[in-house]
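So the structure is just underneath, and the comments pick up after that.
Residue numbers (the working numbering): 706 to 963.
Below, the structure written as structure tokens:
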């Protein structure tokens with residue numbers, strides 16, 4: 706048995722395999738040593754080998770495919786989210802530009818490489834969403850649920866809400882018009898609503914079951930959530946919750962101190 710200050714054997718095995726993964730000695734997408742190979746190399750039992758592999762899976766470093774083995778998780782493109790990205794939607798309104806949204810810009814994909822799954826419904830605002838809008842609970846909203854795909858891979862989920870009395874009967878309320886070049890900014894501009902600011906609050910958490918299934922998130926990988934409020938003057942005109950696997954995104958902001 707290990708002494709009180711000695712790490713369990715399965716953790717020591719996992720530490721060594723993690724070091725090989727992070728150093729590139731076992732490249733992304735390649736197969737990890739089998740349980741039998743781990744037993745022979747580290748002189749451990751099969752149970753210890755399995756615990757080591759399970760720990761790597763829980764840390765989001767490995768994925769197991771039935772009948773094939775356990776692989777180092779393939780490296781996925783990382784998208785940068787910066788404070789300037791919504792200006793591209795504003796530019797879409799101001800000039801003759803190829804169709805795009807902040808998502809296509811973030812992902813570096815063209816319009817024809819972008820797919821959007823959508824579902825629209827009319828719902829009463831719950832207490833949290835009503836507070837974000839500054840309206841009474843129960844105020845009717847147009848709720849739009851989106852799954853964003855780039856290069857055939859689901860990359861992002863979002864729930865975007867608009868005040869129903871602002872969009873009912875307009876093209877913005879018709880899901881057939883999605884995706885809309887210029888995104889929310891262009892949609893609201895078509896209604897005479899000029900966006901003056903966007904506030905985002907960023908948090909991280911572990912994903913729920915639906916997010917794991919939809920975004921194909923391996924065990925141990927958290928998600929980053931953005932709670933967005935879109936403003937026209939002092940009025941909140943859109944509220945959104947955006948979910949992105951944390952290993953596929955980085956935040957980059959320019960802060961002007963002059």
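Here a beta-carbon is modelled for each residue, glycine too, at the ideal position from N, C-alpha and C.
Please read all numbers here as calculations on a predicted model, not as lab measurements.
- Beta-bridge pairing by DSSP links residue 861 to 853.
- Contact between the segment 816-827 and the segment 843-854 is present: 3 or more CB-CB pairs across the two stretches fall below 8 Å.
- With respect to residue 859, residue 909 sits apart: the two C-beta atoms are not nearer than 8 Å.
- Counting every other CB atom within 10 Å of its CB across the protein chains shown gives residue 944 a total of 16 or more, marking it as buried.
- With respect to the C-alpha of residue 857, the residue from 863, 812, 846, 725 having the closest C-alpha is 812.
- For residue 752, the secondary structure class from DSSP, reduced to helix, strand or coil, is helix.
- Going by C-alpha positions, residue 730 is about 47 Å away from residue 902.
- Look at the beta carbons and you see the segment 746-757 touching the segment 710-730: at least three pairs across the two are nearer than 8 Å.
- Annotation for residue 899: no beta strand (DSSP E) segment contains it, and DSSP assigns it neither H nor E.
- Counting the other Cβ atoms within 10 Å of the Cβ of residue 874 gives fewer than 16, which makes it exposed.
- For residue 715, the enclosing alpha helix (DSSP H) has its first and last residue at 714-728.
- Our two residues, residue 829 and residue 759, have alpha carbons roughly 43 Å apart in a direct line.
- Distance check between residue 779 and each of 927, 734, 881, 864 places 734 closest, using alpha-carbon atoms only.
- With a contact defined as Cβ atoms closer than 8 Å, residue 905 and residue 932 qualify at about 7 Å.
- Selection 946, 913, 893, 885 evaluated against residue 805 yields 885 as nearest (Cα-Cα).
- Only buried fits residue 791, as 16 or more other CB atoms lie within 10 angstroms of its CB.
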